[in-house]
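To start, the structure itself, in structure tokens.
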Amino acid sequence: MSDPRPRRLTSIPREVDDNAISRYVRFAPDSGQILLFDQRMLLMHGFTLAALRQELIERLGLERTRELFTRLGYQQGMEDARHLHASEQGELERILAYGPRLREMEGFVRNQAVDHVQFNLETGDFWSDYYWESSWEAEVHLKQSGISGSPACWMMTGYATGFTTALMGRPILWREIECVAMGHARCRVIGQPLEECDDAEAHLRFLQVEDFVSVPKRREARSAPGPGDAEVNRSLPDLIGASSSFNTVAYLIKRVAPTDATVLLTGESGVGKERFSKALHAIGPRTGKPFVSINCAAIPHELVEAELFGVEKGAFTGATVSRPGRFERASGGTLFLDEISSLPLHAQGKLLRVLQEGELERVGDTQLRQVDVRIIAATNRDLRSEVEAGRFREDLFFRLNVFPVKIPPLRERREDIPLLVDAFVKRYAARFAKHIAGLTQNASEKLRAYDWPGNIRELENIIERAVILAEDHGSIDVEHLFSGGEQVPNTVAQAAPPAATHGPAPAAGASPAAAPSRLIDGILDAGLSLGEVESLLIDAALARSGGNLSAAARLLKLRRGQLQYRSDKRSAS
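Counting in our numbering, the sequence shown runs from 1 upward without gaps.
Structural data, given as structure tokens:
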């Protein structure tokens, strides 16, 4: 059997500086807080979480509880990776070493690498093989439920998947192949890209918070669509995400779908309001009936009534035939009114009557026609502000605002970016008959740092462009992504939190530049050369960090390799 590990991989160090990690943890009992980075942490009894776990198994079943706990771990891993990436100046080797150590400090498991964790910054390739010893989850499951037929380290596999997915910019799947809860001597996990896992779908179920949410899929060879493929794609659009804000929206959609209640989707342009509306229709009782969409902002004001309510022959010049409007065409199904805030006031009054009475008159007609339509409206404006400004009828707002659902912008669900990117790369690589190896680490960092004013629509467009520009069998890099005039984000990470300062505080009102200026004057007066100043700084940083090269590099705002080079050069001279 061939080695599944990709070639040209970089190994991460096995040793971890606990002092460097511990500076991110702060105990503040006087304020009742424990902080890891800027995240609120809780030091709680393990047996209470174990009791909750068991109760959820009894109430929800084993599989649903597994999905829930794995998803929680995934979100934790995503968040820790994001903070470490910012704090450690993007040093991937160190960050990948810190992740397992953080989990050990939190008491979940003891990590023992079977082999070096390896990765490739240019392609996103990744390989890892770990033993998990003293797994809290495996021990609890064995104690509460006895020998299990499947692995039980749910939060840990979710954490590892989320942590590495966030860092590599592509789905990295961790699978537990041995588990103490199954009777093995110890737990063992393997982490590798989704594309290399033959049974990936079985392990990714936790990302599907609801049945209508899509999960990442392995890239497959292009094939002709089957007879029912187009219908399936039309009825249930791709909705991809695993962030808590995305899951909240999915939960609300599921709750309101079985009803006929009017739904108001709000959010910025490009967040996916129409996709959610189609999903809502597809899982509701009107599935199979018409789904009719109309963009209110795209219709000339004088034609709005004709488009919505229909027109009778001869009603106005050019009306040579009678035709139904969108309401009649959607009868029995769903009408999606996009950009509802753009509807002119005269049409808003007639729309209100149709919603209240369930009947309409075509333009130029006197006959009342009954319609049975579910309304889903969407807007990227604050309708309450529009009401206050006199641009939107208050009574219509109250009629539409039965069940509001706010869809978050992409910048508030950045943990979903790797999943979305993976789906878009697969989609457009298949469309353009190309093979894309992956994204470089630099490209992934830029995508994570970008502000996404156009949200998911902009992300999809950027990935489509990048797939076109990238070489076949090559990787997507920054120049392929931001070639349309976008402002390339600066991904220079923030400096690590400073160590505790010593000595008196600066005098009140002192200029921030005063202290450096006095320091420079002192150096010049001492007659020190530039090389001597550098040596003094290096020695002081090493002394303060206890001889730890990585910690000293952070004090000097250098990468570890840069400091190592300067130290070696100084020793050789």
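By construction, the Cβ of each residue, glycine as well, lies at the ideal position given by its N, Cα and C atoms.
The model shown is predicted, which means the values in this text are computed figures rather than measured ones.
DSSP three-state call for residue i: helix, strand or coil?
i: T266; result: strand
i: P579; result: Any answer about residue 579 is impossible in this case: the structure gives the chain only from 1 up to 573.
i: S22; result: helix
i: G44; result: It should be noted that the sequence gives Met, not Gly, for residue 44. Correct three-state label for M44: coil.
i: R391; result: coil
i: S385; result: helix
i: D338; result: strand
i: F327; result: helix
i: Q575; result: In this structure the chain extends from 1 to 573, so residue 575 is not present and cannot be described.
i: I462; result: helix
i: E361; result: strand
i: P227; result: Since pLDDT at P227 reaches only 42, below the 50 mark, its modelled position is unreliable, and the value read off the structure follows with that caveat. Reduced to three states, the DSSP call for P227 is coil.
i: S567; result: helix
i: P506; result: At P506, the pLDDT of 40 sits below 50, so the modelled position is not reliable and the matter cannot be decided from this model.
i: S214; result: strand
i: L36; result: strand
i: V249; result: helix
i: S529; result: coil
i: V574; result: Lying outside 1 to 573, the shown extent of the chain, residue 574 is not represented and no answer is given.
i: V488; result: coil
i: S475; result: strand
i: I299; result: coil
i: I456; result: helix
Considering just the uninterrupted stretch of the alpha helix (DSSP H) at residue i, what are its terminal residues?
i: V180; result: No alpha helix (DSSP H) contains V180, which DSSP labels as neither H nor E.
i: K426; result: I417 to R431
i: L345; result: L345 to E357
i: S322; result: It is not in any alpha helix (DSSP H) - S322 carries neither H nor E in the DSSP assignment.
i: F584; result: Because the chain is modelled from 1 through 573, residue 584 falls outside the range shown and cannot be assessed.
i: R414; result: It is not in any alpha helix (DSSP H) - R414 carries neither H nor E in the DSSP assignment.
i: S550; result: L549 to L555
i: S277; result: K273 to A282
i: V311; result: Per DSSP, V311 belongs to no alpha helix (DSSP H) and is neither H nor E.
From which residue to which residue does the beta strand (DSSP E) around residue i run?
i: Q370; result: L368 to Q370
i: F403; result: F403 to K406
i: F629; result: Here the chain comprises residues numbered 1 to 573, so residue 629 is not present and cannot be evaluated.
i: R374; result: R374 to T379
i: F291; result: F291 to N295
At a Cβ threshold of 7 Å, is residue i touching chain D?
i: E445; result: Protein chain content of the structure displayed is limited to a single chain, and chain D is not contained in it.
Determine whether the beta carbon atoms of residue i and residue j lie at a separation below 7 Å.
i: L207; j: A242; result: yes
i: Y130; j: V215; result: no
i: W136; j: F163; result: no
i: L542; j: A552; result: yes
i: L352; j: R326; result: no
i: S128; j: A181; result: no
i: M41; j: I34; result: yes
i: M155; j: G73; result: yes
i: T379; j: T266; result: yes
i: N295; j: E268; result: no
i: E394; j: V387; result: yes
i: L337; j: A377; result: yes
i: V16; j: R82; result: no
i: I468; j: V249; result: no
i: L173; j: A200; result: yes
i: E357; j: Q370; result: no
i: V271; j: L239; result: no
When the Cα of residue i is compared with those of the options, which residue comes out closest?
i: Q487; options: V467, G474, I468 and I462; result: I462
i: F392; options: M105, L345 and F398; result: L345
i: V256; options: Y428, R286 and R59; result: R286
i: E67; options: V321, Y159, L536 and S277; result: Y159
i: S244; options: F397, G349, G288 and E415; result: E415
i: R186; options: D211, A423 and S134; result: S134
i: A622; options: T366, E479, K143 and A437; result: There is simply no residue 622 to check, as the chain begins at 1 and stops at 573 in what is shown.
i: V304; options: E196, Q75, L280 and Q348; result: Q348
i: P171; options: I520, G485, L556 and S444; result: S444
i: G288; options: G332, G270, S31 and D198; result: G332
i: I409; options: N455, D30, Y450 and V421; result: It should be noted that the sequence gives Pro, not Ile, for residue 409. The shortest Cα separation from P409 among N455, D30, Y450 and V421 belongs to N455.
i: P489; options: L36, E196 and Y450; result: Y450
i: Q39; options: Q75, T70 and F276; result: Q75
i: S145; options: E361, S31, M78 and R53; result: R53
i: G191; options: H473, T157 and A470; result: T157
Would you say the beta carbon of residue i comes nearer than 6 Å to a heavy atom of the ligand COA?
i: Q118; result: Judged by which ligands are present, the structure shown has none, so any question about the ligand COA falls away.
Original post:
What are the uninterrupted segments assigned as alpha helix (DSSP H) that are 4 or more residues long and contained completely in the stretch 149-202, given in chain order?
Top reply: List check, alpha helix (DSSP H) in window: 154-168.
Subject >> Unbroken stretches of the beta strand (DSSP E), 3 residues or longer, contained in the stretch 84-163 >> reply: Correct list: 110-113 and 126-133.
Original post:
Which whole runs of the alpha helix (DSSP H) in the stretch 43-74 are 4 residues long or more, in chain order?
Top reply: Taken in chain order, the complete alpha helix (DSSP H) segments of 4 or more residues contained in the stretch 43-74 are 46-60.
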